[in-house]
Amino acid sequence: MKNKKQERRFIWLCLAPAIILFTVFMVFPTLNVFRMSLLKWGGLSANQEFVGLNNFFILFKDMNFIRSCQNTILIIVLVAIVTLIFAVVFAAILTREKVKGENFFRVIFYIPNVLSVVVISSIFSAIYDPSNGLLNSIIGLFKPENWEGIKFLGDQSIVIYAVIGTMIWQAIGYYMVMYMASMSSIPEHLYESASLDGANKVQQFFKITLPLIWGNIRTTLTFYIISSINLSFLFVKVMTGGGPNGASEVFLSYLYRQAYDNATYGYGMAIGAIVFIFSFVLSAVVNKITLRDDMEF
Amino acid sequence: MDKKTNRLYRIFIYVALFTLAISIIVPVAWVFLASVKQNSEFYGSPWTMPIGLHFQNFIDAIDKANMGEYFINSIVATGLGLLILLVVALPASYALARFRFKGKKIVNLGFMSGLFINVNYIVVPIFLMLLSWDKGISQIIGQRIFLNNIVVLAIIYAATALPFTIYLLTSYFRTLPKAYEEAAYMDGSGYFRTMVKIMIPMAKPSIITVILFNFLSFWNEYIIALTLMPGASKTLPVGLINLMQSQKAAANYGPMYAGLVIVMLPTLILYIMVQKKLTQGMTLGGLKD
Amino acid sequence: MATLQLKNINKIYDNNVQAVFDFNLEIKDKEFIVFVGPSGCGKSTTLRMIAGLEDITSGELFINEAKMNDVLPKDRDIAMVFQSYALYPHLSVYDNMAFGLQIRKVPKAEIDARVRDAAKILEITDYLDRKPKALSGGQRQRVALGRAIVRNAEVFLMDEPLSNLDAKLRVAMRSEIIKLHERVGATTIYVTHDQTEAMTMATRIVVMKDGYIQQIGTPKEIYNNPANMFVAGFVGSPATNFLHGRIENNSFVIGDLHMELPEKFDSDIKDYEGKEVVMGIRPEDIYSEGIVEGTYPSASFTFQVDISELLGHESILHGTFYDQPLIAKVSTRLGIESHSQTKLTFDLGKVHFFDVDTTLRIDK
Amino acid sequence: MATLQLKNINKIYDNNVQAVFDFNLEIKDKEFIVFVGPSGCGKSTTLRMIAGLEDITSGELFINEAKMNDVLPKDRDIAMVFQSYALYPHLSVYDNMAFGLQIRKVPKAEIDARVRDAAKILEITDYLDRKPKALSGGQRQRVALGRAIVRNAEVFLMDEPLSNLDAKLRVAMRSEIIKLHERVGATTIYVTHDQTEAMTMATRIVVMKDGYIQQIGTPKEIYNNPANMFVAGFVGSPATNFLHGRIENNSFVIGDLHMELPEKFDSDIKDYEGKEVVMGIRPEDIYSEGIVEGTYPSASFTFQVDISELLGHESILHGTFYDQPLIAKVSTRLGIESHSQTKLTFDLGKVHFFDVDTTLRIDK
Amino acid sequence: GGSGKEADTDEKVLKIAGLDGGFGTGGWEAVAKEFEKIEGVKVELEFEKNISDVLRPRIQAGEDIPDIIYLSIGAQGGLTDTMVKEKQIQPIDDLLDMKIPGSDVTVKENIIPGFTDALNLRPYDDGKLYLAPLNYSPCGLFYNAGLFAEKGWEVPTTWDEMFALGDKAKAEGIALFTYPTTGYFDAFFSALLNETAGPDAYDKMMHYDEKTWESEDAKKAFEIVGKLAEYIEPNTVAQANGTDFTKNQQAILDNKALFIPNGTWLPGEMEDAPRAEGFEWGMMALPKVTADGDAYSTTFTEQMYIPEGAENVDLAKKFMAYCYSDEAATLFYTKGKSAVMPTVNASDNIKDDDINKIFYSIYDNGAKANAVGFAALENQVEGVDLTGAEGILYGTVNSVMTKDKTVDQWYDEFLTGLKKVVEANK
Ligand SMILES: Nc1ncnc2c1ncn2[C@@H]1O[C@H](COP(=O)(O)OP(=O)(O)OP(=O)(O)O)[C@@H](O)[C@H]1O
Ligand SMILES: Nc1ncnc2c1ncn2[C@@H]1O[C@H](COP(=O)(O)OP(=O)(O)OP(=O)(O)O)[C@@H](O)[C@H]1O
Ligand SMILES: [Mg+2]
Ligand SMILES: [Mg+2]
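Taken in order, these protein sequences are the chains called A, B, C, D and E.
So that you can map any letter, position 250 of the first sequence is 539 in the numbering used here, and since no number is skipped, the others follow by simple counting.
So that you can map any letter, position 287 of the second sequence is 292 in the numbering used here, and since no number is skipped, the others follow by simple counting.
So that you can map any letter, position 189 of the third sequence is 192 in the numbering used here, and since no number is skipped, the others follow by simple counting.
So that you can map any letter, position 93 of the fourth sequence is 96 in the numbering used here, and since no number is skipped, the others follow by simple counting.
So that you can map any letter, position 229 of the fifth sequence is 230 in the numbering used here, and since no number is skipped, the others follow by simple counting.
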């Protein structure tokens with residue numbers, strides 16, 4: 290049995306720097322945010338009025354917030370599902386298959402991830418362009434003469450999907466890298482064994498790869514939630530400004546709009562608090578749902 | 006017959022790979038081309054080829070964004086941030102992943118909740134905190150040391166990246182077989198050495214992932230650097246703002262794209278250098294089970 | 004250099020499987036203890052508790068009189084060969100072996116000497132630079148062994164360290180381990196399924212079953228005086244034959260064969276007069292040649308051989324004896340074929356009797 | 004159900020280690036081939052090439068006359084027991100065994116029947132719900148074996164499938180595998196270090212060394228007529244004694260002992276008249292009892308016993324014979340002690356002679 | 002308020018922070034240099050494209066606050082808007098009566114009359130001036146004068162003519178109207194309200210007077226915008242965002258649309274853009290509602306102000322005063338990118354061959370000027386952004402143009418929002 294005291298000392302020594310840094314630079318500031326969410330405050334003056342949970346009550350009746358909520362959830366769900374599928378499949382191909390030019394593909398797929406949001410937005414502005422955009426040109430090939438381009442960023446029912454498409458394009462490489470790292474630690478002999486058991490590549494993928502990187506996938510599900518919330522803001526800010534007429538508004542863009550444009554800083558912070566709680570609860574739920582036995586090889 | 010399905014399978018794979026690759030190459034090539042276009046070429050159809058190679062864009066970009074000095078700053082902030090991050094996060098993740106102890110749930114929950122904190126809205130409180138420290142310290146030593154300090158910036162980068170990093174590393178450390186630790190203990194290795202010499206090397210793929218992703222986020226970080234380094238000394242992304250379009254003014258597209266290309270290169274180069282290590286399995290062949 | 008005491012040790016795993024029950028054992032300095040027992044009986048578990056890798060659910064462990072339950076593995080000065088090798092996959096063979104010495108700050112030159120020495124003994128000198136991945140099964144096992152023997156630990160724990168080696172190498176390794184033990188004198192606990200190893204290496208053997216100790220004794224004791232039917236049946240190959248019969252007038256009766264027992268049994272079987280008992284006899288104590296026929300004429304019988312299995316120099320005869328299966332081991336020279344008949348005699352001087360219910364040995 | 008042909012197969016690993024050289028073997032339907040050889044000689048490598056897990060560097064592999072070099076493992080209909088088990092860590096024991104059947108879309112009820120059947124045979128029924136992590140070494144190995152035997156594959160490859168089992172279980176498993184082989188009739192290749200297994204299970208044995216085949220033959224052939232000194236020395240335990248001497252007048256001369264050889268050697272040793280040769284004799288062919296003394300009186304000598312090792316029923320005598328080490332295996336009954344003298348006789352009918360340079364057997 | 006740090010330096014330092022925007026920083030640098038010479042002080046300039054982001058934390062902390070901030074209401078980041086709403090700006094009434102450094106004239110005398118009366122400069126109904134106007138530019142509808150000449154079209158003077166022209170253009174495949182983003186409707190719509198309801202009603206509306214907003218005249222403005230939806234360049238909404246708005250502006254250069262609401266900076270902004278043959282910039286005020294009505298053109302001004310916590314208030318005012326000198330006006334125009342100060346002589350800087358000449362003479366051609374801006378509110382209403390660029394009043398235009406919302410819905414939504422705002426500020 291282990292010497293508990295020595296073990297405890299080691300554990301806390303390991304944890305202490307992290308806990309200190311984390312507490313000082315993240316926990317305290319966050320508590321501050323929570324505190325501000327209870328204020329009616331424009332953000333700059335000393336004129337702060339404590340209003341309790343009032344900001345939150347307003348929030349639940351604020352249709353614009355609810356719309357940004359719906360948009361965000363849609364983004365999270367779609368981006369997570371589609372990216373997950375693509376990233377896992379491509380990671381599997383690039384780690385498990387002997388493909389020619391493997392390194393080439395690995396590098397290419399990662400590139401969108403290193404591009405800045407501004408660049409990506411201009412790329413997609415060129416792709417989504419209603420008259421000479423890439424997508425419309427391609428669709429135009431199959432459509433009759435007087436085909437009018439789809440207004441990806443102008444149509445309120447499409448714009449959010451346009452944002453989602455951009456986000457997926459950007460995210461695949463990121464998650465692919467993550468999955469490649471965890472796939473590479475699956476012992477080769479399991480695949481050997483499975484192939485002798487008659488499993489083809491697809492079956493191997495579902496029966497070996499997927500279960501064995503399940504822990505990693507669960508981890509990334511949380512990342513999808515967080516990064517969808519964060520990135521959707523950046524993309525929306527640059528690509529659509531939340532428009533047309535708020536149709537692509539998401540959590541954080543709405544937060545900014547309220548905290549800064551509308552000078553209701555306390556209210557904005559209340560949105561921040563809700564976003565925090567929402568994402569926390571959501572990923573706790575997702576975590577719970579996806580729980581399988583923890584796995585070591 | 007089976008050769009045929011196998012063939013189909015491989016064709017499918019290549020089609021998939023090439024489709025995605027093209028969907029990336031085309032737009033990215035577009036960016037590279039854009040970076041050598043002249044300004045007038047940016048109006049009208051975005052899909053025209055550049056008339057000539059306008060490399061002046063790059064010179065303008067380096068000039069206007071003050072890239073020389075800012076580059077160094079970014080390198081320092083990113084490198085130091087990564088170093089601090091790894092030194093702090095690796096032991097913490099290891100301890101969280103491989104030991105049972107009282108309070109683990111709470112610590113885990115704490116770090117986990119940290120994932121959901123968005124730096125965008127805590128950066129101002131951080132700024133206020135540093136400012137008050139500065140006020141305090143300047144009364145003692147007559148100097149302000151927390152704001153406009155690249156080291157502090159690096160520390161804060163590390164701190165804000167902790168939840169993500171710990172979460173990722175913890176989930177990886179959990180998958181490593183216990184047997185290796187046990188072997189090390191039997192060899193007389195203490196907790197610390199076991200962690201450093203045996204377990205951390207085996208976590209290499211995920212450490213590389215962590216380095217890669219945090220490099221990216223530190224390198225491109227804007228809001229913290231902007232807020233905590235309000236002085237003249239800036240990081241690259243903040244400096245890059247100078248290349249962006251400003252309201253009601255003619256845009257300088259060429260230099261902007263050139264600048265963005267320059268900034269993205271280090272990350273890409275880093276990735277190209279480490280991507281092979283990413284998939285080097287570190288745990289094979291040691292166990293019989 | 005070390006004594007060990009295990010007192011009332013129990014081990015219950017997290018999933019509520021109890022793997023070891025009330026384990027008691029005193030090990031003297033420089034002893035070479037061998038654990039044997041069926042697969043899953045708790046040998047590795049016990050070793051791992053001694054090493055400090057598993058919590059001791061209850062009971063106490065002492066090394067050199069000091070209680071060890073709560074001492075860290077690294078502070079117990081134990082070297083161990085893992086059943087599953089547990090080689091460091093990212094280190095070369097050399098570094099795998101050197102690791103424990105580097106930790107102890109042994110001078111570089113000495114590390115080198117010791118590692119190369121061990122590698123030579125283990126015949127893995129050529130592979131010192133390879134990673135474990137590029138080794139054959141037996142080579143990996145030898146590295147695992149090497150990692151332990153380069154250490155001059157107080158206690159050596161070896162969990163089936165030779166199971167993946169060929170017979171010749173195994174013999175060589177066996178004698179190297181014996182030599183090492185003689186030289187270093189470290190207290191050693193050794194798990195094996197190889198009876199020859201157990202018999203030739205052990206100062207004492209511990210026979211386990213289902214987490215319980217069945218018998219502790221020298222190889223001779225275990226072989227000649229098994230405590231119960233399990234030990235009798237487990238040690239020796241092919242296994243001891245167990246024949247059910249009755250005690251009648253100092254004779255053991257099966258069917259119409261009345262075997263007159265030697266005097267030494269008299270006092271012990273008194274209580275069983277007229278009762279059913281089990282006679283245990285090893286296949287090698289059944290003779291087809293005339294050797295014991297004169298001594299125990301009442302124990303001769305004609306045996307219907309169903310299968311005669313050639314085993315090089317010896318043959319194993321399978322058949323039934325009054326409806327009970329019986330196996331005899333005889334010299335191949337006699338050329339007994341399958342489906343033939345032959346005359347056999349039990350060496351009644353070597354038999355044991357067991358209680359039907361408790362399975363304990365009756366004769367002292 | 005399947006024939007196999009291996010033609011001129013070579014294997015060079017990525018690190019330029021050549022593990023298998025020019026391997027040629029024809030395996031008939033329903034054969035039970037056993038690979039033996041020292042650790043690292045290329046047994047697993049060969050198996051893995053047959054399974055399709057390693058590329059064949061050069062040469063051709065045919066199964067049922069069809070070239071297989073480029074066929075995927077999954078399409079070869081081979082079941083394999085891995086030396087390192089390779090259990091699926093995320094699946095229960097049951098699912099580990101059922102996996103291959105589920106893939107093949109065997110009906111659920113049949114899967115269940117087959118798995119439970121195998122589990123019963125392997126005595127792991129109690130562990131079906133556990134994950135491999137919570138099993139003992141031997142239990143894991145049995146799961147690995149179970150995973151193969153539930154499959155009705157055309158070819159079975161088993162890489163030391165019983166090495167971590169106790170003797171008793173091993174005997175039981177051995178006969179189960181034989182039964183399985185008789186019932187299913189699948190062509191089987193089996194790697195083992197256990198000579199008993201090799202001798203009792205094989206239809207033919209392949210002896211390998213350093214990547215080369217040394218001899219292919221039935222167990223009897225291998226045992227009785229080893230092709231060279233390596234095979235003679237490798238098969239049988241303790242190993243064959245090799246004694247250097249000269250041929251003089253149809254006699255084998257060591258020191259002042261002139262052993263008159265039986266007639267059968269006459270023609271073969273002619274060419275070696277006056278030359279040095281090596282005589283190989285198994286320890287069990289050296290007798291201390293009078294059995295062969297009458298037949299070969301010239302081969303009797305007095306032996307100085309250095310160590311007498313008790314091995315249950317038999318004793319191993321170690322000593323030197325004209326400065327050459329000699330080991331004899333004699334009945335324990337005779338009670339020969341260490342540091343004593345005893346009279347021994349070589350059974351000259353069983354000896355072989357080998358060329359000193361080529362190590363090949365001289366006598367036919 | 003700021004604590005007195007750097008108190009030990011003898012030399013006074015005036016800190017000016019501002020937006021590095023469409024007019025560039027050259028003018029500021031030149032003016033600052035002059036001022037340094039005159040006053041013997043040091044002027045520190047901090048001009049950034051993201052100045053809101055830079056300043057916000059400092060202002061929140063009350064630390065290191067500049068003496069003058071040059072950042073307009075409605076600029077990205079909403080800092081100045083918040084400063085106004087949060088009452089973080091110091092009154093500068095006395096500025097008007099100050100003598101301009103280096104001359105005898107007072108500021109008031111040198112500013113074009115009316116410019117300092119704009120509601121957004123005096124947001125609190127306390128009669129005091131808080132923000133100082135600078136860089137004025139007329140806003141109106143820009144078009145390709147060359148195209149009109151080529152087609153022989155008359156520039157419409159009333160909305161009826163406008164729509165008639167729209168039909169004519171449609172036949173040629175040209176849309177009547179486009180706009181860069183909805184943000185540009187503040188100038189457009191306020192001019193329109195002036196036309197439909199008249200200046201008094203407009204003033205009331207800017208003070209959130211519900212009654213006036215509910216009037217038919219007010220609604221008329223909404224309806225005119227609604228009618229434009231029939232004539233909108235089809236890609237407008239899709240491109241009405243931060244990345245693509247130049248494509249909408251390009252539509253004018255490419256003759257895809259006839260009119261775009263914008264300010265005088267537009268030609269400069271599109272300087273490098275390719276254009277249709279014979280292209281020539283033209284600009285007009287909004288068409289009149291009726292033939293005998295007034296045409297309005299919004300005068301857009303930028304603002305500078307002294308924030309609370311500024312240390313050198315007096316010096317700051319001095320500098321501001323200097324900005325209204327003729328020298329400064331010249332420097333702003335020549336060294337900056339054609340920034341025109343609202344001083345009486347500033348337009349003299351515009352040479353005859355300067356394209357700006359046409360634009361700045363728009364009022365000489367009969368158009369009336371109006372200023373944008375609502376009164377500041379005591380209480381902001383959480384979740385109700387009534388007047389922001391993407392708020393209910395302007396942001397909804399996108400929906401109206403795509404017909405996702407009818408004019409009535411838009412109007413009702415606005416009135417509902419207005420009610421909430423009024424409620425909160427009773
Ligand atoms: N992946 C590999 N890369 C390089 N060399 C290898 C690799 N695997 C095995 N070898 C080498 O090839 C030779 C044959 O190995 P193989 O595993 O076939 O031996 P084996 O006969 O199965 O031995 P054992 O009885 O010890 O399992 C060995 O010398 C081994 O070191
Ligand atoms: N981690 C574990 N969790 C639960 N049960 C376990 C665990 N490890 C082993 N067991 C069980 O405990 C019992 C004893 O296991 P142990 O490994 O000590 O057996 P062993 O005697 O070493 O067997 P073998 O000869 O097969 O290696 C077995 O029944 C096994 O299934
Ligand atoms: Mg074990
Ligand atoms: Mg092997």
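Where is the CB? At the ideal position from N, CA and C, for every residue including glycine.
query                                                                                                                                                                                 : result
Confirm, please, whether the CB-CB distance from G195 of chain B to R107 of chain C is below 8 angstroms.                                                                             : no
Hey, is the stretch 78-91 of chain E in contact with the stretch 308-326 of chain E, meaning 3+ C-beta pairs nearer than 8 angstroms?                                                 : yes
Does P76 of chain D come within less than 8 angstroms of chain A when only Cβ atoms are used?                                                                                         : yes
Let me have the residue list for ligand 3: C-beta closer than 5 angstroms to any non-hydrogen atom, ordered along the chain.                                                          : C:S47, C:Q86, D:S139 and D:G140
Would you mind telling me which residues of chain D sit closer than 7 angstroms to K293 of chain B, beta carbon to beta carbon, in chain order?                                       : S87 and Y88
Just to confirm my understanding: we take A8 of chain E, look at its own chain, exclude 5 residues before and 5 after, and list those with CB closer than 6 angstroms. What are they? : Here A8 of chain E scores only 44 on pLDDT, less than 50, and its place in the model is too uncertain to base an answer on.
Using only CA atoms, which one of B:Y14, B:I29, B:F17 and B:I67 lies nearest to V268 of chain B?                                                                                      : B:I67
Skipping 5 residues on each side, what residues in its chain have a beta carbon closer than 8 angstroms to that of G269 of chain E?                                                   : G23, K338 and S339
Mapping the DSSP letters down to three states, classify R179 of chain B as helix, strand or coil.                                                                                     : coil
Tell me the start and end of each unbroken beta strand (DSSP E) in the stretch 321-365 of chain D that is at least 3 residues and wholly inside, in chain order.                      : 327-334, 343-349 and 355-358
How about the stretch 245-255 of chain C and the stretch 324-333 of chain C: do they share at least three Cβ pairs that are nearer than 8 angstroms?                                  : yes
Are P286 of chain D and K353 of chain D touching if we call contact CB-CB under 8 angstroms?                                                                                          : no
T348 of chain C: buried (16+ other C-beta within 10 angstroms of its C-beta) or exposed?                                                                                              : buried
Three or more beta-carbon pairs under 8 angstroms between the stretch 166-178 of chain C and the stretch 189-205 of chain C, yes or no?                                               : yes
Please confirm whether G322 of chain C and G214 of chain C have their CB atoms less than 8 angstroms apart.                                                                           : no
What does the alpha-carbon distance come out to for the pair V36 of chain B and T509 of chain A?                                                                                      : 29 angstroms
Could you give the distance in angstroms between the alpha-carbon of I150 of chain B and the alpha-carbon of I142 of chain B?                                                         : 8 angstroms
Look up D169 of chain D in the DSSP assignment and say whether it is helix, strand or coil.                                                                                           : coil
Closest by CA to L160 of chain C, which one among C:V187, C:D169 and C:V194?                                                                                                          : C:V194
The alpha helix (DSSP H) spanning R324 of chain A covers which residue range?                                                                                                         : F317 to M325
Assuming P210 of chain B and S473 of chain A make a contact with CB atoms under 8 angstroms, what is their CB distance in whole Å?                                                    : 5 angstroms
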